[in-house]
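In this note's numbering, the protein residues as written are 37 to 270.
Glycine included, C-beta positions come from ideal geometry on N, C-alpha and C.
Here the structure is a predicted model, which means the values were calculated and not measured.
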């Protein structure tokens with residue numbers, strides 16, 4: 037499946053630095069226009085060269101981000117079974133789909149293309165749908181990333197974006213911004229038709245409170261922690 041997908045998306049790949057499609061595949065990927073060099077193997081295309089790493093301030097991480105798709109994402113994947121969906125900042129996926137291009141800064145086994153959200157290595161109007169699920173808070177330049185998403189999305193394509201408002205700091209490998217619903221809208225306002233917005237179950241305040249209180253408890257001495265965890269909020 038991976039081999040077939042990598043061959044299928046080869047013709048939509050571009051140089052993330054000059055934006056040209058003039059890529060030559062030898063032992064490496066060489067942009068014939070700006071002479072930048074990238075790499076690839078049978079598992080992925082890697083556009084994280086030194087310049088891109090510096091621009092995105094990409095740091096190595098031992099953290100593993102892995103989540104299952106919710107019902108909204110699964111419906112979109114099914115709807116575009118014969119098209120292409122970009123999972124922008126996919127993490128490690130438990131299920132590998134033929135029609136989903138897994139884009140990441142981490143070379144997980146399910147990663148198809150490595151790069152940064154501010155410089156997507158894909159042609160304009162390449163994808164029928166695009167996911168950005170709990171990713172924008174980890175990107176240094178979210179306005180650049182949102183513009184890139186719209187650039188690679190086909191006219192009339194579907195964009196599904198989730199970003200946290202109440203979550204504590206969590207680095208994968210870093211954490212820059214939490215967003216209110218208005219802040220998230222502001223990244224795309226007047227550029228796309230927003231057909232719906234809301235708060236998923238995982239984004240309800242109880243999830244953040246649970247996270248915060250458990251983190252707090254871990255910092256307490258064992259005896260005090262035991263007492264604290266037996267308290268009730270009434």
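Taking the alpha helix (DSSP H) that residue i falls in, what are its first and last residues?
i, result
"residue 115", "107 to 115"
"residue 91", "86 to 92"
"residue 221", "217 to 224"
"residue 237", "Looking at the DSSP string, residue 237 is not in any alpha helix (DSSP H), and its letter there is neither H nor E."
"residue 44", "38 to 44"
"residue 302", "Nothing can be reported for residue 302, as the shown portion of the chain is limited to 37 through 270."
For a quick check, are the C-beta atoms of residue i and residue j less than 8 Å apart?
i, j, result
"residue 65", "residue 91", "no"
"residue 41", "residue 148", "yes"
"residue 156", "residue 188", "yes"
"residue 121", "residue 163", "yes"
"residue 74", "residue 58", "no"
"residue 125", "residue 139", "yes"
"residue 83", "residue 151", "yes"
"residue 240", "residue 134", "no"
"residue 102", "residue 130", "yes"
Tell me, which residues are paired with residue i by DSSP?
i, result
"residue 279", "Because the chain in this structure spans residues 37 to 270, residue 279 falls outside the shown range and cannot be described."
"residue 165", "121 and 194"
"residue 49", "158"
"residue 81", "76 and 149"
Give me, in chain order, the residues of the same chain whose beta-carbon lies closer than 8 Å to that of residue i; leave out the 5 immediate sequence neighbours on both sides.
i, result
"residue 214", "173, 199, 200, 201, 202 and 203"
"residue 305", "Beyond the ends of the chain as shown, which are 37 and 270, falls residue 305; an answer cannot be given."
"residue 211", "173, 174 and 205"
"residue 230", "221 and 224"
"residue 270", "none"
"residue 112", "121, 165, 167, 194 and 196"
"residue 247", "203 and 204"
Excluding the five sequence neighbours on either side, which residues of its own chain have a C-beta within less than 6 Å of the C-beta of residue i, listed in chain order?
i, result
"residue 175", "153 and 181"
"residue 268", "none"
"residue 216", "201"
"residue 144", "128"
Tell me which residue opens and which closes the beta strand (DSSP E) that residue i is part of.
i, result
"residue 140", "136 to 140"
"residue 124", "121 to 124"
"residue 189", "189 to 198"
"residue 75", "73 to 76"
Enumerate in chain order the residues of its own chain whose CB-to-CB distance from residue i is below 7 Å, with the five nearest sequence positions on each side excluded.
i, result
"residue 195", "166, 185, 189 and 228"
"residue 178", "172, 213 and 223"
"residue 49", "59, 81, 157 and 158"
"residue 191", "161"
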